[in-house]
Amino acid sequence: MGKSTLINNLIGEKIAIMSNRPQTTRNKIMCIMNTNNAQIMFLDTPGIHKPQHKLGEYMVRAAESALNEVDAVLFVVDANEKKGAGDAFIMAKLKNIKAPVILVVNKIDKLSNKEQLFAIIESYRNSCDFKAVLPISALQDKDLAPLVQEILKYLPEGPEYFPEDMITDQPERVIVAELIREKILKLTRDEVPHSIAVEIEEMKTRENDNLYIRATIFVERESQKGIVIGAKGALLKLIGQQARKDIEVLLGNKTYLELWVKVKADWRNRDQLLRQFGYDDKA
Numbered sequence: 001m002g003k004s005t006l007i008n009n010l011i012g013e014k015i016a017i018m019s020n021r022p023q024t025t026r027n028k029i030m031c032i033m034n035t036n037n038a039q040i041m042f043l044d045t046p047g048i049h050k051p052q053h054k055l056g057e058y059m060v061r062a063a064e065s066a067l068n069e070v071d072a073v074l075f076v077v078d079a080n081e082k083k084g085a086g087d088a089f090i091m092a093k094l095k096n097i098k099a100p101v102i103l104v105v106n107k108i109d110k111l112s113n114k115e116q117l118f119a120i121i122e123s124y125r126n127s128c129d130f131k132a133v134l135p136i137s138a139l140q141d142k143d144l145a146p147l148v149q150e151i152l153k154y155l156p157e158g159p160e161y162f163p164e165d166m167i168t169d170q171p172e173r174v175i176v177a178e179l180i181r182e183k184i185l186k187l188t189r190d191e192v193p194h195s196i197a198v199e200i201e202e203m204k205t206r207e208n209d210n211l212y213i214r215a216t217i218f219v220e221r222e223s224q225k226g227i228v229i230g231a232k233g234a235l236l237k238l239i240g241q242q243a244r245k246d247i248e249v250l251l252g253n254k255t256y257l258e259l260w261v262k263v264k265a266d267w268r269n270r271d272q273l274l275r276q277f278g279y280d281d282k283a
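Just so we're aligned, residue 1 is where the sequence shown starts under the UniProt record's numbering, counting upward by one.
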């Protein structure tokens, strides 16, 4: 649906990872946008879905808890996809929250005519009481200014909570782990992407000011380990190369990235491992 792309473009930095796969976002991530007269805190949440494991249950709790913390909700949908059962499931939950809900219809640049846009908007309007409907293309900045102005209508006056140069509440280690996971999502298929967890084992600046990062990629089965490593280590090398480029852009340091792959069977259902990998809302 492009919600992470939308937030990254609003913030002006790549904080939320992007993938066409469902349930890409696993944690609730705050991203901070500063305008001339306002500071907007966006919460990028996991998608609300019917969970199949304990990780999924954690993700849904993270998303639903955000609904009670915010002053407005952006319900981002893909203009090129028909409303489905998952959308109906989400809108049923949105009806029970107090915050105003704005329907954001993304990827309108892919539509061939306005009639298609009107039809998709009408299909959603019939199911939920939206305060506003904003058609956008998250990749085109010109579409984002009206969205920001609409959001500002619902925000209360208050102090500046964060310094102007702060763009997220997430530690660098978490963002780095997510950038690595993003490349795995991009370069693997089938069940592998959703079976991945990434843990930063070591991250330090060396004497030459280069950044050294050692990360472990966890999978659930030996067969998945072989897929991630690839023939003669080719895929793991490619994952590292692509992740390193994004890490260097984000942190501004030349980076040496060392990747390892280990098996932790059924980790998505093991409480101790979920906590170890940062998927814990009970701490």
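A virtual CB, placed ideally from N, CA and C, is assigned to each residue, including glycine.
Strand pairing of residue i, partner residues [DSSP]
i      : result
Cys31  : Phe42, Thr168
Thr255 : Leu211
Ile239 : In DSSP, Ile239 forms no bridge with anything.
Glu202 : Arg214
Val174 : Answer is none; Val174 lacks a bridge partner.
Leu197 : Looking at the sequence itself, residue 197 is Ala, so the reference to Leu does not match. Ala197 is bridged to Phe218.
Trp260 : Thr216
Exposure label - residue i; buried when at least 16 CB within 10 Å
i      : result
Ala79  : buried
Gly278 : buried
Ser223 : exposed
Phe75  : buried
Ser112 : exposed
Ser137 : buried
Ala265 : exposed
Asp87  : buried
Ile29  : buried
Lys107 : buried
Arg206 : exposed
Arg21  : exposed
Asp246 : buried
Ser4   : buried
Pro156 : exposed
Phe218 : buried
Asn9   : buried
Val176 : buried
Glu115 : exposed
Asp143 : buried
Ala231 : exposed
Ile62  : According to the sequence displayed, residue 62 carries Ala and not Ile. The residue in question, Ala62, is buried, as its Cβ has 16 or more Cβ neighbours within 10 Å.
Lys48  : The identity of residue 48 in the sequence shown is Ile, whereas the question assumes Lys. Per the 10 Å Cβ criterion, buried.
Gly2   : buried
Other residues of its chain near residue i: CB distance less than 6 Å, five sequence neighbours each side excluded
i      : result
Pro51  : Glu57, Val60
Leu103 : Phe75, Tyr124, Phe130, Val133
Glu201 : Arg214, Thr216
Trp260 : Thr216
Ile11  : Cys31, Met33, Ile167
Arg173 : Ile200, Met203
Leu6   : Ala138
Cβ neighbours of residue i in the same chain (closer than 8 Å, five flanking residues each side left out)
i      : result
Lys54  : Arg268, Asn269, Arg270, Asp271, Leu274
Glu220 : Ser195, Val263, Lys264, Ala265, Asp266, Trp267, Arg268
Asn210 : Asn253, Lys254, Thr255, Tyr256
Lys95  : Cys128, Asp129
Val228 : Ile184, Thr188, Val192, Ile196, Ile217, Val219, Leu235, Leu236, Ile239, Val261
Ser65  : Lys28, Asp281
Residue-chain proximity (residue i, chain D), Cβ-Cβ < 8 Å
i      : result
Arg275 : Any reference to chain D falls outside this structure, which holds one protein chain only.
Cβ-heavy atom distance, residue i to the ligand FMN, below 7 Å
i     : result
Val76 : Of the ligands one can find in the structure shown there are none, so the ligand FMN has no counterpart to examine.
Spatial neighbours of residue i in its chain, beta-carbon cut-off 7 Å, leaving aside the 5 residues before and after
i           : result
Leu185      : Ser19, Arg21, Thr24, Pro193
Pro146      : Leu134
Glu248      : Lys254, Thr255
Ala243      : Leu179, Ile180, Lys183, Leu257
residue 308 : The shown model of the chain, from 1 to 283, leaves out residue 308, and the question about it has no answer.
Stretch-stretch touch, CB-based, cutoff 8 Å, three pairs: the stretch 30-45 with the stretch 114-134: Touching, no.
Tell me, please, whether the stretch 137-157 touches the stretch 16-26 by the rule of three or more beta-carbon pairs shorter than 8 Å. As far as the Cβ criterion goes, the stretch 137-157 does not touch the stretch 16-26, which means the pair count is below three.
Which complete alpha helix (DSSP H) runs does the UniProt domain "Era-type G" (1-157) hold, if anything under 4 residues is left out? Counting only unbroken stretches of 4 or more residues, the alpha helix (DSSP H) elements lying wholly within the UniProt domain "Era-type G" (1-157) are 3-11, 54-67, 85-94, 114-125, 144-152, in sequence order.
Answer yes if the stretch 24-42 comes into contact with the stretch 265-272, meaning at least three C-beta pairs across the two stretches below 8 Å, and no otherwise. Contact between the stretch 265-272 and the stretch 24-42 is absent, because fewer than three Cβ pairs lie under 8 Å.
So does the stretch 161-175 actually touch the stretch 225-244, counting three or more Cβ pairs closer than 8 Å? No, the stretch 161-175 does not touch the stretch 225-244.
Would the stretch 186-197 and the stretch 164-172 be scored as touching if the rule is three or more Cβ pairs under 8 Å? No, the stretch 186-197 does not touch the stretch 164-172.
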